[in-house]
Amino acid sequence: MSSDLDVFVGNTTLIDEEVYRLWLDGHSVAEAVARRLRGGVLEREGTSVAVLQSDTRDHYRTFQMLERLLHLLGKKLSKGTKKELDEVSARTGVGIRSCRRQVGPGNWEKPQKWTGKTQKWVGETQKMDYAAIVFFANSRFETGKRRLQFLSFGDFAACAQSMMGHWSQGALAPEAAEPDGDLPKSFLQDLKELKVLVTDKDLLDQHKSLVCSALRGKISVYNELEANFKALSRALVNVGGKLTHARDVRDFFVDLVEKVIEPCRSDKWSPGDLRLFLTQYTAAPRNLPGFRHQALWERYMAAITACLLRMYHD
41 MSSDLDVFVG
51 NTTLIDEEVY
61 RLWLDGHSVA
71 EAVARRLRGG
81 VLEREGTSVA
91 VLQSDTRDHY
101 RTFQMLERLL
111 HLLGKKLSKG
121 TKKELDEVSA
131 RTGVGIRSCR
141 RQVGPGNWEK
151 PQKWTGKTQK
161 WVGETQKMDY
171 AAIVFFANSR
181 FETGKRRLQF
191 LSFGDFAACA
201 QSMMGHWSQG
211 ALAPEAAEPD
221 GDLPKSFLQD
231 LKELKVLVTD
241 KDLLDQHKSL
251 VCSALRGKIS
261 VYNELEANFK
271 ALSRALVNVG
281 GKLTHARDVR
291 DFFVDLVEKV
301 IEPCRSDKWS
311 PGDLRLFLTQ
321 YTAAPRNLPG
331 FRHQALWERY
341 MAAITACLLR
351 MYHD
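Add 40 to a position in the sequence shown, counting from 1, and you land on the number used in our numbering.
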């Protein structure tokens with residue numbers, strides 16, 4: 041007696057948009073294979089039916105795995121939401137399996153976004169949400185701590201996109217981008233060079249002077265900024281300098297909240313104040329004699345700034 045076993049081995053997550061759409065629309069593997077056959081995939085790819093079936097099954101396993109990972113950053117379907125999805129399915133004619141698959145992590149408990157006219161979930165960013173989940177799962181960021189509970193999945197997903205967009209290998213060389221969005225070790229190691237901004241007393245004092253001079257009369261918390269600049273700068277620089285250690289990577293968002301967001305809230309910074317500060321804080325080192333890491337600094341601060349501005353809310 042013999043049996044067939046399909047084995048797929050890889051170190052990246054590749055998603056075929058056509059198969060993803062078939063899965064999202066609620067089709068089974070067999071139905072998806074049939075539709076791909078009718079679409080002429082065999083002729084385009086020069087493959088066989090057996091390989092097509094194996095490829096489709098492999099994609100479906102990936103999607104099912106990602107679906108189970110939603111609990112990392114989102115919420116599980118409540119009984120109320122399940123009932124609402126049943127009603128949505130009945131009203132729009134979209135199968136219940138498709139309804140449940142189309143409720144992405146950023147769309148939990150919002151069935152009112154369905155329309156009978158389009159019979160599709162209004163959420164074009166869903167693929168980006170899944171990319172964020174894979175990125176967070178790979179990096180093992182801590183998202184469940186109590187002090188992070190004010191943040192939504194949308195906040196985390198936006199931060200993930202900023203970090204992948206500015207810090208990944210593809211940020212500088214798109215042709216070299218890693219499909220799973222892993223952060224290059226060389227970049228994380230280079231971030232240690234930025235510590236000179238806070239360990240060199242002269243550079244720290246000059247940095248403070250440049251930022252405070254640029255913001256005098258422009259922000260409502262100038263006195264607080266002047267008093268706390270060095271503590272804020274150390275926090276912002278040291279968050280990056282620790283990213284080579286797995287434990288500190290996990291605490292990335294905890295550190296931003298504890299060491300930057302909460303102190304600014306306590307001093308009554310407005311979102312506008314924070315934006316002006318981060319803009320000047322990032323630009324000022326261009327005028328620091330002896331600081332030779334401006335490109336690295338701006339690449340680092342682009343993602344930090346985007347994350348902080350997205351996270352700075354009640």
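Backbone N, C-alpha and C define an ideal beta-carbon position, used for all residues, glycine too. Computed from a prediction, not measured in an experiment: that's the story for all the values here.
DSSP state of residue i, grouped into three classes?
i: residue 309; result: coil
i: residue 329; result: coil
i: residue 273; result: helix
i: residue 189; result: coil
i: residue 135; result: coil
i: residue 126; result: helix
i: residue 73; result: helix
i: residue 367; result: Shown here, the chain extends from 41 to 354; a query on residue 367 therefore has no answer.
i: residue 183; result: coil
i: residue 100; result: helix
i: residue 336; result: helix
i: residue 301; result: helix
i: residue 284; result: coil
i: residue 54; result: coil
i: residue 261; result: coil
i: residue 352; result: coil
i: residue 87; result: coil
Nearest CA to the CA of residue i: which residue from the options?
i: residue 293; options: 242, 193, 232 and 319; result: 193
i: residue 309; options: 261, 201, 200 and 227; result: 261
i: residue 106; options: 265, 172, 72 and 135; result: 172
i: residue 54; options: 103, 279, 244 and 85; result: 103
i: residue 297; options: 286, 236, 60 and 196; result: 196
i: residue 186; options: 227, 295, 63 and 286; result: 295
i: residue 202; options: 225, 191, 188 and 175; result: 175
i: residue 71; options: 86, 96, 91 and 82; result: 96
i: residue 352; options: 83, 282, 81 and 191; result: 191
i: residue 170; options: 287, 60 and 332; result: 60
i: residue 226; options: 311, 280 and 276; result: 280
i: residue 285; options: 223, 345, 271 and 312; result: 223
i: residue 100; options: 83, 135, 84 and 57; result: 57
i: residue 343; options: 313, 333, 276 and 288; result: 276
i: residue 98; options: 81, 337, 69 and 82; result: 69
i: residue 258; options: 62, 82, 237 and 314; result: 314
i: residue 272; options: 289, 301, 331 and 283; result: 301
Tell me whether residue i is buried or exposed, calling it buried when 16 or more other Cβ atoms sit within 10 Å of its Cβ.
i: residue 76; result: buried
i: residue 208; result: buried
i: residue 40; result: In the structure as shown, the chain starts at 41 and stops at 354, and residue 40 therefore has no counterpart that could be examined.
i: residue 200; result: buried
i: residue 89; result: exposed
i: residue 242; result: exposed
i: residue 245; result: exposed
i: residue 269; result: buried
i: residue 87; result: exposed
i: residue 215; result: Legend: pLDDT at residue 215 = 43, less than 50; position of this residue unreliable, no value from coordinates given.
i: residue 154; result: Only weak support exists for where residue 154 lies, its pLDDT of 38 falling under 50; the coordinates are left without a value.
i: residue 239; result: exposed
i: residue 354; result: exposed
i: residue 6; result: Absent from the structure is residue 6, since the part of the chain shown begins at 41 and ends at 354.
i: residue 91; result: exposed
i: residue 198; result: buried
Using a Cβ-Cβ distance cut-off of 7 Å, determine whether residue i contacts chain D.
i: residue 235; result: The structure shown contains no chain D, having only a single protein chain.
(request) Pair every Cβ in the segment 297-306 with every Cβ in the segment 221-236, then say whether three or more of these pairs are closer than 8 Å. (result) no
(request) Indicate whether the contact test is met: 3 or more Cβ pairs, each with one atom in the segment 238-254 and one in the segment 314-334, closer than 8 Å. (result) yes
(message) Check whether the segment 310-319 and the segment 176-183 are in contact - that is, three or more C-beta pairs closer than 8 Å.
(response) no
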